[in-house]
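Below is one structure, written out as structure tokens; the observations come after it.
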Amino acid sequence: MRTDLDHLPDLQQRELARVTQTLLAEFEAAIAGGTQPFRKQGRVLKIALFGSYARNDWVDEPENGYQSDYDLLIIVSHEKLTEIADYWYVAEDKILRDPKVGRSVNIIVHTMQEVNEALSKGQYFFTDIVRDGVLLYELPNHPLANPAAPTAKDAYELAQEHLESKAKDLTLWLEDAGSHIARADVGDQHRKRAAFLLHQAVETAYACFLLVRTLYFPRSHNIKFLRSLAEQGEPRLIAAWPREQRADRRRFELLKRAYVEARYSTSYEISAEDLQALAAEAAALRDIVETVSRERLDELRRQAGL
Numbered sequence: 000m001r002t003d004l005d006h007l008p009d010l011q012q013r014e015l016a017r018v019t020q021t022l023l024a025e026f027e028a029a030i031a032g033g034t035q036p037f038r039k040q041g042r043v044l045k046i047a048l049f050g051s052y053a054r055n056d057w058v059d060e061p062e063n064g065y066q067s068d069y070d071l072l073i074i075v076s077h078e079k080l081t082e083i084a085d086y087w088y089v090a091e092d093k094i095l096r097d098p099k100v101g102r103s104v105n106i107i108v109h110t111m112q113e114v115n116e117a118l119s120k121g122q123y124f125f126t127d128i129v130r131d132g133v134l135l136y137e138l139p140n141h142p143l144a145n146p147a148a149p150t151a152k153d154a155y156e157l158a159q160e161h162l163e164s165k166a167k168d169l170t171l172w173l174e175d176a177g178s179h180i181a182r183a184d185v186g187d188q189h190r191k192r193a194a195f196l197l198h199q200a201v202e203t204a205y206a207c208f209l210l211v212r213t214l215y216f217p218r219s220h221n222i223k224f225l226r227s228l229a230e231q232g233e234p235r236l237i238a239a240w241p242r243e244q245r246a247d248r249r250r251f252e253l254l255k256r257a258y259v260e261a262r263y264s265t266s267y268e269i270s271a272e273d274l275q276a277l278a279a280e281a282a283a284l285r286d287i288v289e290t291v292s293r294e295r296l297d298e299l300r301r302q303a304g305l
């Protein structure tokens, strides 16, 4: 993996340096005072930039609702240190509120063992990071495994299983959401439930796409992050979510918040009209995901000679 950011403008280089500094500082604060060995000996082993800013195909058009995020893989020394809520939430919040960081930052956190096992199995998501990524921070003497390649037959069979499973789940989420949308005028509990179910449908759609395409799905319920990851791999997915108008962006933000707030917040509100629009967009996403996923299966089938 390369280590230079010379392909990026100075502004983005400064932002990434600041983000890296914040992540490391807040991680140290999070483990400070811990008596358990995994905390006392806790280390960040690597921070790697991946995605559009690593590949140099990023977009910066915030006025039109299109702005690439920074996507970062953080590798840590122990499985328990991958818990976002326990060790990374404060860092994420500080970065989000930092006026000197002008775009969203998404992180995924794994152990070295998890990453190296994925590389040894040829998991496309991680082999792509090794191929295209940029190391922002590295602790010496913690090498990554050499990427392998899965057999075409194995990749096809895994992708087929993921598509069949996730497609069924997605259909159920949309059907359940539709039943609550039909009763949206009865009370806000139906509207909140519908919003949560639509969130789950969208999360499942992106899980389906990413698993079929890369054999990997991050431990995240952040559908904005999942959308960003998926759209980098397949631009046709962009069409599911209009974002030129503020109303479009507001609706998607309502859906993003629904995973927590629609279940636990008394102040979360969403209208029947917003739900109907979101349901249509979720259905459009499902259709695109099914199309591109079946194309991927056909490609893998040909490669496997099946």
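Going by numbering that gives the first Met the number 0, 7 is the number at position 8 of the sequence shown; the sequence numbering is gapless. We treat Cβ as the ideally placed atom computed from N, Cα and C, and that holds for glycine. If you're wondering where the values come from, they're calculated on a predicted model, not measured in any experiment.
- For the pair of segments examined, the region 89-98 was found not to touch the region 135-142: the number of CB pairs separated by less than 8 Å stays below three.
- Between the alpha carbons of A31 and I106 lies a gap of roughly 21 Å.
- By a beta-carbon distance limit of 8 Å, Y267 contacts R256. Their separation comes to about 7 Å.
- For A271, the closest C-alpha among the options E202, R235, V288 and G177 is that of G177.
- Secondary structure remark: continuous beta strand (DSSP E) runs of at least 3 residues inside the region 69-106, in chain order: 69-75.
- DSSP, read as helix, strand or coil, puts K120 in coil.
- Beta-bridge analysis with DSSP links L277 to no other residue.
- The C-beta distance from A158 to L296 rounds to 6 Å, short enough to fall under 8 Å.
- Closest by C-alpha distance to N145, out of D9, P139 and V129, is V129.
- Assigned with DSSP and collapsed to three states, T203 falls in helix.
- Assignment of E60 by DSSP, reduced to helix, strand and coil, places it in the strand class.
- When D273, V288, Q35 and N55 are compared, the shortest CA-CA separation from K191 is found for D273.
- The three-state secondary structure of V288, taken from DSSP, is helix.
- Going by beta carbons, L48 and A90 fall outside the 8 Å limit.
- By the 16-neighbour rule on beta-carbons within 10 angstroms, D70 is buried.
- By the CB criterion at 8 Å, G121 and H77 fall outside the cutoff.
- The beta carbon of Y52 sits closer than 7 Å to those of L7, Q11, S67 and Y69, all from its chain and outside the five residues before and after it, given in chain order.
- Counting other Cβ atoms within 10 Å of its Cβ, P217 reaches 16 or more and is therefore classed as buried.
- Bounds of any alpha helix (DSSP H) do not take in F49; it lies within the beta strand (DSSP E) bounded by V43 to F49.
- DSSP places T2 in the coil class of the three-state scheme, outside both helix and strand.
- Close CB contacts of N115 within its chain, under the 7 Å cut and outside five residues either way in sequence, are with L143 and A144 (chain order).
- Under the Cβ criterion (8 Å, minimum of three pairs), the region 50-64 does not count as touching the region 205-213.
- Cβ contact annotation for Q302 (same chain, cutoff 6 Å, sequence separation greater than five): A151, in chain order.
- For E137, the uninterrupted beta strand (DSSP E) segment begins and ends at V133 to E137.
- Only residues of its own chain outside the window of five on either side were considered, and among them L236 and I237 have a CB closer than 8 Å to the CB of E230, listed in chain order.
- In terms of Cβ geometry, H179 and L196 form a close pair [threshold 8 Å].
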